[in-house]
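With positions in the sequence shown counted from 1, the corresponding number in the working numbering is that position plus 4.
All C-beta atoms in this analysis are idealised placements derived from N, C-alpha and C, irrespective of residue type, glycine included.
What follows is a short report on a single structure.
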Amino acid sequence: MDEDELNRLLGNLHTDKETIKHERPRDRLPSWLKDRIRIVFNNSCFKCDNKGDLVFDHIKPFNVHMVPMKNKNVCLLCRKCNLLKAELEPEDYFTTEELIMLIDLNDKL
Ligand SMILES: [Zn+2]
């Protein structure tokens, strides 16, 4: 192996490492399910009732539990509430009543 080839291989290795480092796990929802979630959540933020700037969010933080949204782990939040929830566990962000309601809403999906 000559030096050029070695550098090329090391270069590839470096690129792969960088790719892996920046590649966060993604969880995508099919569009039919997004529509369904908007209907079930009345197209408003579950926490504050805001109608604008809504995002689909994991009830249990995905980076910790790896439960996809489609597996009854979804909530509709506005961006402000989504930022506040961040990586919090559901019981640290939602009240008990809200959690019961969330389970109920997810059962309707
Ligand atoms: Zn909100």
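DSSP, reduced to helix, strand and coil, places Phe66 within a helical segment of the structure shown.
In the structure shown, Asp31 adopts coil according to DSSP, grouped into three states. For Asn110, the closest alpha carbon among the candidates Lys84, Asn77 and Leu81 is that of Asn77.
When DSSP states are grouped into helix, strand and coil, Leu103 belongs to the helix group. When C-alpha distances from Phe66 are compared across Leu81, Lys51 and Glu93, the shortest belongs to Glu93.
Short note on Lys89: C-beta not closer than 7 Å to any heavy atom of ligand 1.
The C-alpha of Arg32 is placed about 10 Å away from the C-alpha of Lys38.
Where Cys85 is concerned, there is no enclosing beta strand (DSSP E), although the alpha helix (DSSP H) around it starts and stops at Arg83 to Lys89. Sorting Arg30, Leu10 and Phe50 by C-alpha distance to the C-alpha of Val68 places Arg30 at the top.
The segment 83–102 and the segment 39–55 touch, with no fewer than 3 CB-CB distances between them shorter than 8 Å.
Using a Cβ distance threshold of 8 Å, Leu81 and Asp96 do not count as a contacting pair.
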